[in-house]
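Student:
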Amino acid sequence: MEPTAAVPTTAGRQPSPEASAAGPCPLPPLSSPTAPRGWSLENNAGGGCGVVDEHPRPVTDFPRSISLCQPTGPEQRPCHSLCAEPDVSNLKTVLRSLVEYSQDVLAHPVSEEHLPDVGLIGEFSDPAELGKLLQLVLGCAISCEKKQEHIQRIMTLEESVQHVVMEAIQELMTKDTPDSLSPETYGNFDSQSRRYYFLSEEAEEGDELQQRCLDLERQLMLLSEEKQSLAQENAALRERVVQPEGEGTPGLTAKKLLLLQSQLEQLQEENFRLESGREDERLRCAELEREVAELQHRNQALTSLAQEAQALKDEMDELRQSSERAGQLEATLTSCRRRLGELRELRRQVRQLEERNAGHAERTRQLEEELRRAGSLRAQLEAQRRQVQELQGQRQEEAMKAEKWLFECRNLEEKYESVTKEKERLLAERDSLREANEELRCAQLQPRGMTQADPSMDATSPAVDNLAAEILPAELRETLLRLQLENKRLCRQEAADRERQEELQRHLEEANRARHGLETQHRLNQQQLSELRAQVEDLQKSLQEQGGKTEDSILLKRKLEEHLQKLHEADLELQRKREYIEELEPPTDSPTARRIEELQHSLQKKDADLRAMEERYRRYVDKAHMVMQTLEPKQRPAAGAPPDLHTLRTKLRERDVRIRHLEMDFEKSRSQREQEEKLLISAWCNMGMALQQRAGEERAPAHAQSFLAQQRLATNARRGPLGRLASLSLRPTDKH
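Using the UniProt record's numbering, the first residue of the sequence shown is number 1, and each one after it goes up by one.
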């Protein structure tokens, strides 16, 4: 009986040559107890392993059928929420981070065909591009530091999901690095995933039956060999019986013959028993083979049913996505209708603003006429302004003198207070020095009393002093010397500090004097300005009392400024409305796009008309000023008033123009500075990215690395950033 095909039962067996010829197989066969749960693999005729589907589905199929990025349980959300509100910038950031992590940390470059198009994902939610993005996420997940946790989570998914994940990872690794699918690369991944492999009960029973058949075949081979040896021994004994024996007695020969016959009968019975057992085992083996065939048919039927269920599940997912897409389209249609209503309201507001601008233009013409009538009153105002300036100058000089004397008086008072404090301090120091002097005198009188008590010591008073000095302890003498030196040093330091304090006091007085002068000047200017305003108001009242029916020039100027401000506000409001209309603008393929373009063109036309009207108004005002200036010499003799008001108005106008120019220059410089800062930041970021990319390219080896080598490289990259920088600084010299 021929033995059946050997089936590997442990994860350590190598695949057969047929399986090895088909390609590398890093995963064990389905019959192995360590086969992955849900990763459908089957054993071939040679005992190897191979994927059931020789042409695996593309990675773009699994986002429509399963949700790889959704958590199981109550936290599960629909898959379309990834692209419900497309944000292309966020997707670009995610893709750039994945590519940088794969290149720099994992040393695994990503080919162009595996890079997804973020624009298609954000605009159309393209399943193919989403599949590429999820494929990159899976590749980074199984190679990062938390790969054990990610693999365990993958193993807890459904069988179909695990199968699709396995195909996606194999496709990514096969196309990028052909050597990465070796058993060494996925050794760690297999050792972790074999704990969660799944094996059905039918496959276990088939393995047990095949193992039993192999054991029975081995027993049959051993029994056949034993039978052959017994037959040879029986033939040799028969030959010995047939040959006449020259020696020995006939009784001994008869006994040997009987013994051999009994042994032969026993062997024949044993042979018959083994033959019958062999037939029974053969029948049982045939029955087991039939059961194995039935189980295989049943397994195929269940596989087909599982495929049909998967197809139905994919169809349900597609229908669910289509229904969700329909809901999104309905919401978009509702928002478009609402925006159209807002656009109509904005058109109505634009018409109202145009009417208001026409009214403002009419009011501007009226104000120009009033300004022409107000030119006759300017001469009197200018004469009075000249007189006011002279009186104001005199008053300002007197006020400056008074402020100066007040400041000098205040400084003298402060000096008097400081001198008084210094005097009190010196008196206190004098008292303390007196006390110290008295103590020293008492200390000096004590040795003199000793000399008076002993007259023999009077002649040798210096010796007594030396003896007293020697009697003092050495530490006390050192302390006295150190205190004397410290006293001298402190005296010198006090003198230097006093000089520096005097110098700082002089600087402080000068600064206070300058500050006080500036404050006085500012206060006088404010008073002068308030007085000028009061005088102008008095002049306006006097002119009104004289029966003048024309309005004052300041009022006209104020009205003109208010009118210009209103025009500016209207322009700003139009600009805001235009920006809001542009935000609410529907896509270009909508039927209202042409109408919106026409409205925008009309708005631009209105803006140009408003600007032209404003420019024309300014020209008219300038012409009126020129006419008034030409008419002033003629009106001045008749009026008889000094033209101080005219010069004041011209100065005010020049100051306003100068302030406006300075504001414009400041805005330009600020915008230019902001642009320069943005350019510097972008250039710095680009340089950093280029250096980082170059470091990743130089760090990556030329040949394909194994999985363990990649992990070591990633660990070294995380542990030694300083070493990486040092290598980057040394490599340009190596190239030269």
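Heads up, the beta-carbon is just placed ideally off N, CA and C, and yes, glycines get one too.
1) Work out the CA separation of K566 and L120 for me, nearest whole Å.
2) Compare the Cα-Cα distances from K541 to each of E417, L381, E677 and report the closest residue.
3) Is DSSP giving V105 helix, strand or coil here?
4) Please return the same chain residues whose Cβ sits closer than 7 Å to the Cβ of A638, not counting the five positions on each side in sequence.
5) Say whether the stretch 211-222 touches the stretch 283-293, bearing in mind that this needs 3 or more beta-carbon pairs closer than 8 Å, one atom from each stretch.
6) In whole angstroms, what separates the C-alpha of Q544 from that of Q366?
7) Quick test of your reading: residue 738 and N234, contact by CB under 8 Å. State the CB separation rounded to the nearest angstrom.
8) Can L172 and Q135 be called in contact, C-beta distance under 8 Å?
9) Does any heavy atom of the ligand GDP sit closer than 7 Å to the C-beta of A695?
10) What is the residue span of the alpha helix (DSSP H) that L157 lies within?
11) So what's P116 in DSSP terms, helix, strand or just coil?
12) Return yes when the Cβ of V110 is within less than 8 Å of the Cβ of S102, no when it is not.
13) Kindly indicate the opening and closing residues of the alpha helix (DSSP H) around L138.
14) Between which two residues does the alpha helix (DSSP H) containing L98 stretch?
15) Taking DSSP as the reference, what is the three-state secondary structure of A144?
16) To the nearest angstrom, how far is it from the Cα of L377 to the Cα of H568?
17) Would you call residue 737 buried or exposed, if buried means 16 or more other Cβ atoms sit within 10 Å of its Cβ?
18) Can you name, in chain order, every residue of its own chain whose Cβ lies under 6 Å from the Cβ of L445, other than the five neighbours on each side?
19) Please confirm whether D104 and G696 have their CB atoms less than 8 Å apart.
20) Using three-state DSSP, classify S111 as helix, strand or coil.
21) Can you tell me the Cα-Cα spacing of S682 and Q693, whole angstroms?
22) Considering only the alpha carbon of each residue, which of K92, Q349, E100 lies closest to M689?
23) Would you call the stretch 485-504 in contact with the stretch 394-405, where contact means no fewer than 3 C-beta pairs closer than 8 Å?
24) From this set, A436, T647, N686, M687, which residue's C-alpha is nearest R385's C-alpha?
25) At the level of alpha carbons, what is the spacing between R649 and D656?
26) Measuring CB to CB, does L220 end up less than 8 Å from R278?
27) Just the Cα atoms here: how many angstroms apart are G23 and Q266?
28) Do you know how far the Cα of R576 is from the Cα of R57?
29) Going by the beta-carbon positions, is the gap between A168 and L138 smaller than 8 Å?
Tutor: Reading it off the structure:
1) L120 and K566: Cα-Cα distance of roughly 47 Å.
2) L381
3) helix
4) Because the pLDDT of A638 is 42, which lies under 50, any placement of that residue in the model is unreliable, and the number read from its coordinates should be weighed accordingly. For A638, where only same-chain residues beyond five positions count, there are no Cβ hits under 7 Å.
5) With a cut-off of 8 Å, the stretch 283-293 and the stretch 211-222 count as touching, because enough Cβ pairs lie within range.
6) The straight-line gap from Cα to Cα measures roughly 20 Å.
7) Residue 738 falls outside the range modelled here, since the chain spans only 1 to 736, and no answer is possible.
8) Yes. Within cutoff.
9) Ligands displayed in this structure: none; no statement on the ligand GDP is therefore possible.
10) That residue, L157, is in no alpha helix (DSSP H); it is neither H nor E in DSSP.
11) coil
12) yes
13) 127-141
14) 88-100
15) Checking the sequence, you will find Cys at residue 144 rather than Ala. Here C144 sits in coil by DSSP.
16) 30 Å
17) Residue 737 cannot be examined here, being either before or after the span of the chain that is shown, 1 to 736.
18) Answer for L445: no residue qualifies.
19) yes
20) coil
21) 16 Å
22) Closest by alpha carbon: E100.
23) no
24) Nearest of A436, T647, N686, M687 to R385, Cα basis: T647.
25) 10 Å
26) yes
27) Note on G23: pLDDT 35, under 50, position unreliable in the model; no value is reported.
28) Because the pLDDT at R57 is just 38, under 50, the model does not fix this residue reliably, and the value given afterwards should be weighed accordingly. Their Cα atoms are separated by approximately 53 Å.
29) yes
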